[in-house]
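These notes are about the structure you will find just below.
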Amino acid sequence: MSTEEGMIVNMYKIYGIFRELENNLSDTCKFLTILKETVDNYGIKSATKALKTTGIGINQYGEKGRYTELFRKSIDLLKKYVEKDTENEKILNKYIEQVKCLNLLFSDFYSKEEFEILKDIPDEYKLFSFLLILEACIRTLNDIKINNSRNKDKYLLNIDMGRAFGDCNKNLKDLSIEEFTSMIEHIMRSSCKVLQALLFHKYLYKNRKFKHCIIDKEIQTEYIINSIKHIEVIDIREIVFNLFEQWKFDDYSIEIKSNNLFKILPVNKKEFLNKNIELQRFENERIVEGFKGLKKKIKIDENTKQLPPNVALHKAELADIHTCGTYFSSETLEEMCNGIPLSQWIRAYSIIKKKNEDFLNKKTFSEEMKPKEWFLILTIDEWVDEFMKYGIASDNARRMINDFIFTKDSIDLFDSPFIKFEDNKVLTMPSYACSIQASISLISLMSRKGYNIAFKGSNYEKELIKEFRESGIFASGIKKNDEQGNEYECDLAFVIGKDLFLCECKKNFQPLTPRKRFEFKNKKLEDIAQIKRISTFYDRNIHYVREALKLGHDWKPRRVYRFVIYSCKLGEVEKKDDVTLVDDSILMNCISKKLPSIVRGGETKKVIVLKSLSHVFEGKMTTHKLLTYIENSMQISYQKYRTDIVEKEIPVNYYNVCILSANTTIDNFYPTK
């Protein structure tokens, strides 16, 4: 077995063990049995890596967590295996030390004086005080930037935006719309972690017992203003929690460089850069596709019962119709997601957005500090009626509402906008709900829930075949069985010159979190094995290829290339085990000879052509041109050019932490695809 093959087997093995351990966290006996079998079969290194991905042993809310005892028993078990084994003892001790360092970092974070102020807020006001200050803060920021402080006299607080939020450290009024939107989204997404801590981990509550006041209770301004401390530490919270998540699923080194400095860095800096390139390319596509959607000629009717794509409820739904059609490879939006048509999912998010916009227009800045004056609070039955009013079936409405309820596993309040705080009542935060983009929320929700949306795969393959043919290259899928009845389906096959390309096509969502990237990394291993199996079969049965691609009876390929084509954006074109992993945007830009261009405000401002690649777009396509382009993709090279990877030292409290950060040097322009 080659070194690369060994690494692939090891990665896949650890992923499987992690899933087993995670599924048995509540069964100590079973968990420890799996861990013991892992050590027996694969050794200490694999066992500690799999254990690390579960995250047990880290007190991420400042106190001993639910699985502290399970972690202690796991370490005791592993220690028995490293007695008189110096190398394995080093591996285990390194893991234990990293756990101690992260716990020290969390403990330091929760020792900040801001938390003493937050603890002093009476328990029954902790939840609504936080939600109120968060909603007021976002409304104020929007009013300052968009309305030029039109409602200044009604602000609950004055916001000094000279300080940094994320990587933004400009004055608020100097921010571009893109920078401002990014900053607001940063605050919103980070705040959702605080909400989960309050609702589900009883964070800061005495005796860990959750309680809240009634919705028409006037809350003292002092409690609301003091709750701003949650937002003041939000950047540090984001950094510490992100480090924890990244450490769980990637290789990180942790060093104590001095008495008060932790250096926590990824071992593989190239992967760190690639991750940021993937996210930036995805964000670029999201913005460009949104502008395209706004130009669609679809009737808008604010009272319609007709569903997308025939009629849009409001202008924002136009963008959602287009982007959902793109991400799910659907023209009709009739395909089922968990038994409910895509069109109804889009409409449901649109209704939530519309109802909250109406609420916000009536009550921009209330003078009363009552939850019901700042939030849209309805019963589940009232929401069912609203959904039915705009064309959604009753049964589907109830199922979707259940999925929209914010839980400890939710990504944010964009995919799960309903905060349930009583048996039949849900609260929505208007500023969040008005910012919902149905396409992104749906991707997040479907991915998290694990719903079967296999239809997007077959639609995607048809799209690619069509685009190849329109570009003058005949392409086709091939589906045959061997003598034993085993099926071999090649999603896409085509010939350039004398070379045969056999491709596996994967319509997958962009992995946006460390866990999703970890899962995607392991999914790639399955995809490589799949295309190798298919390629081997058609290498031996070339007559099937001749038949599908309408080639001569004696045609033979000079060489066979194996590709896995992804719909999500990649940070690099990879070659593993003689298989090329590439995303459709890079491949199809080359095949269809679409020059990458810089877009602003939905309009193309500049076409990019590198002299070294200009020959690719001239004359007939050849294998050499195709491989040269995808190995030197302009979409990726542009992102590398505009991204600086630097080390940053961040003060947490007593301790400082040195982390790796990706800074973009060029903003506001979006390379297409």
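Residue numbers for the sequence shown follow this note's numbering, so the first one is 13 and each next one is one higher.
Note that the Cβ used here is the ideal one computed from N, Cα and C, for glycine as well.
Checklist line | Residue closest to residue 301, alpha-carbon to alpha-carbon, out of 523, 551, 56, 449 | finding: Taking the first residue of the sequence shown as 1, we reach residue 301 at position 289. Answer by Cα proximity: 449.
Notebook entry, point to check: Does DSSP put residue 348 in a helix, in a strand, or in coil?
Noted result: Position 336 of the sequence shown, counted from the first residue, corresponds to residue 348. DSSP places residue 348 in strand when its eight states are reduced to three.
Next item on the list: Could you name the residues of the same chain whose beta carbon sits closer than 7 Å to that of residue 359, not counting the 5 residues immediately before and after it, in chain order?
Entry: Locating residue 359 in the sequence shown gives position 347, where the first residue counts as 1. Only 319, 320, 325, 402, 403, 404 meet the Cβ criterion.
Checklist line | Whether residue 257 touches residue 78 by CB criterion (9 Å) | finding: Walking along the sequence shown from the start, residue 257 turns up at place 245. Walking along the sequence shown from the start, residue 78 turns up at place 66. No. Outside cutoff.
Note to self: Give me the residue from 33, 606, 210, 409 with the minimum Cα distance to residue 630.
What the structure shows: Translated into positions along the sequence shown, residue 630 becomes position 618. The residue with the shortest Cα to Cα distance from residue 630 is 606.
Check: Under a three-way DSSP split, which group does residue 54 fall into?
Finding: Here residue 54 refers to the residue found at position 42 of the sequence shown. Note: residue 54 maps to helix in three-state DSSP.
Notebook entry, point to check: Using a Cβ-Cβ cut-off of 6 Å (strictly less than) and excluding sequence neighbours within five positions of residue 182, which residues of its own chain qualify?
Noted result: Taking the first residue of the sequence shown as 1, we reach residue 182 at position 170. The predicted position of residue 182 is uncertain, since its pLDDT is 48 and thus under 50; no value can be drawn from it.
Notebook entry, point to check: What residues in its chain sit with their C-beta under 7 Å from that of residue 265, if we drop five residues either side in the sequence?
Noted result: One-based indexing of the sequence shown puts residue 265 at position 253. Excluding positions up to five away in sequence, the list reads 277, 279.
Notebook entry, point to check: So is residue 126 buried or exposed if we call it buried at 16+ other beta carbons inside 10 Å?
Noted result: Reading the sequence shown from its first residue, position 114 is the one you call residue 126. Residue 126 should be labelled buried.
Item checked: Three-state secondary structure (DSSP) of residue 310 -> Position 298 of the sequence shown, counted from the first residue, corresponds to residue 310. Correct three-state label for residue 310: coil.
Notebook entry, point to check: Among 548, 458, 673, 252, which has the Cα closest to the Cα of residue 523?
Noted result: Taking the sequence shown and counting its residues from 1, the one referred to as residue 523 is at position 511. Among 548, 458, 673, 252, the Cα nearest to that of residue 523 belongs to 458.
Next item on the list: Pick out whichever of 541, 581, 584 has its Cα sitting closest to the Cα of residue 574.
Entry: In the sequence shown, residue 574 corresponds to position 562, counting from 1. Nearest C-alpha to residue 574: 541.
Next item on the list: Pick out whichever of 645, 150, 424 has its Cα sitting closest to the Cα of residue 653.
Entry: The residue given as residue 653 occupies position 641 in the sequence shown. Out of 645, 150, 424, 645 has the C-alpha closest to the C-alpha of residue 653.
Item checked: Among 71, 40, 25, 73, nearest to residue 51 - alpha-carbon criterion -> Position 39 of the sequence shown, counting from 1, holds the residue named residue 51. Considering only alpha carbons, the answer is 25.
Check: For residue 485, does the three-state DSSP call read helix, strand or coil?
Finding: The residue you call residue 485 lines up with position 473 of the sequence shown. Coil.
Item checked: Proximity to residue 272 [Cα-Cα], best of 664, 155, 672, 234 -> Here residue 272 is taken as the residue at index 260 of the sequence shown, counted from 1. Checked all of 664, 155, 672, 234; the closest Cα to residue 272 is 664.
Check: Touching or not, the stretch 108–127 and the stretch 63–76, by the rule of three or more beta carbon pairs under 8 Å?
Finding: yes
Next item on the list: Provide the residue(s) that pair with residue 574 in DSSP beta bridges, ordered along the chain.
Entry: For the purposes of this step, residue 574 is taken as the residue at position 562 of the sequence shown. Beta-bridge pairing links residue 574 to 514.
Check: Just reading off the alpha helix (DSSP H) that residue 595 is part of, what are its end residues?
Finding: Stepping through the sequence shown from its first residue, residue 595 is reached at position 583. Premise fails: residue 595 lies in the beta strand (DSSP E), 591–595, not in any alpha helix (DSSP H).
Item checked: Status (buried if at least 16 other CB within 10 Å, exposed otherwise) for residue 676 -> Here residue 676 corresponds to residue number 664 of the sequence shown, with the count starting at 1. Result: exposed.
Next item on the list: Please report the residue range of the alpha helix (DSSP H) in which residue 149 lies.
Entry: The sequence position of residue 149 within the sequence shown is 137, counting from 1. Segment 135–158, the alpha helix (DSSP H) holding residue 149.
Notebook entry, point to check: Mapping DSSP to helix, strand and coil, what is residue 254?
Noted result: To locate residue 254, count along the sequence shown from 1; it is residue 242. Three-state result, residue 254: helix.
Note to self: Using a 10 Å radius around the Cβ and a threshold of 16 neighbouring Cβ atoms, would you call residue 361 buried or exposed?
What the structure shows: As a first step, residue 361 must be located in the sequence shown, where it is residue number 349. Classification for residue 361: buried.
Next item on the list: Kindly indicate which three-state DSSP category residue 580 falls into: helix, strand or coil?
Entry: By one-based count along the sequence shown, residue 580 stands at place 568. Note: residue 580 maps to coil in three-state DSSP.
Notebook entry, point to check: Buried or exposed: where does residue 189 fall if 16 or more other Cβ atoms within 10 Å of its Cβ makes it buried?
Noted result: For the purposes of this step, residue 189 is taken as the residue at position 177 of the sequence shown. Exposed, because fewer than 16 other Cβ atoms sit within 10 Å of the Cβ of residue 189.
Next item on the list: Would you mind stating whether residue 585 and residue 516 have Cβ atoms separated by less than 9 Å?
Entry: Residue 585 sits at position 573 when you count from the first residue of the sequence shown. Residue 516 sits at position 504 when you count from the first residue of the sequence shown. Cβ distance not < 9 Å, so residue 585 and residue 516 don't count as in contact.
Notebook entry, point to check: Near residue 176, which residues of its chain fall below 6 Å by C-beta distance, leaving aside the five closest residues on each side in sequence?
Noted result: For the purposes of this step, residue 176 is identified with residue 164 of the sequence shown, where counting begins at 1. Any reading at residue 176 must be qualified, since the residue scores a pLDDT of 41, below 50, and its modelled position is unreliable; the value itself is stated next. Cβ within range, chain order: n/a, list empty.
Notebook entry, point to check: What are the complete alpha helix (DSSP H) segments, minimum 4 residues, inside the stretch 277–311?
Noted result: 281–306
Checklist line | Residue environment, residue 245, which counts as buried when at least 16 other CB atoms sit within 10 Å | finding: As a first step, residue 245 must be located in the sequence shown, where it is residue number 233. That one is buried.
Checklist line | Own chain, CB closer than 6 Å to residue 148, minus 5 neighbours either side, in chain order | finding: On the sequence shown, residue 148 is found 136 positions in, with the first residue counted as 1. Cβ within range, chain order: 168.
Next item on the list: Report yes or no: do the stretch 128–148 and the stretch 226–243 share at least 3 C-beta pairs separated by less than 8 Å?
Entry: yes
Check: Going by beta carbon distance, what residues of the same chain come within less than 8 Å of residue 471, once the five residues before and after it are set aside?
Finding: The sequence position of residue 471 within the sequence shown is 459, counting from 1. 340, 341, 342, 347, 519.
Checklist line | Touching by the beta-carbon criterion (3+ pairs, under 8 Å), the stretch 476–486 and the stretch 428–443 | finding: no
Notebook entry, point to check: Does the pairing of the stretch 375–382 with the stretch 417–426 give three or more beta-carbon distances under 8 Å?
Noted result: no
Item checked: Own chain residues within Cβ distance below 8 Å of residue 673, not counting five before or after -> Here residue 673 refers to the residue found at position 661 of the sequence shown. Only 179, 657, 658, 659, 660 meet the Cβ criterion.
Notebook entry, point to check: For residue 344 versus residue 508, is the C-beta distance shorter than 9 Å?
Noted result: As a working note, residue 344 is residue 332 in the sequence shown. As a working note, residue 508 is residue 496 in the sequence shown. No, the Cβ-Cβ distance between residue 344 and residue 508 is not below 9 Å.
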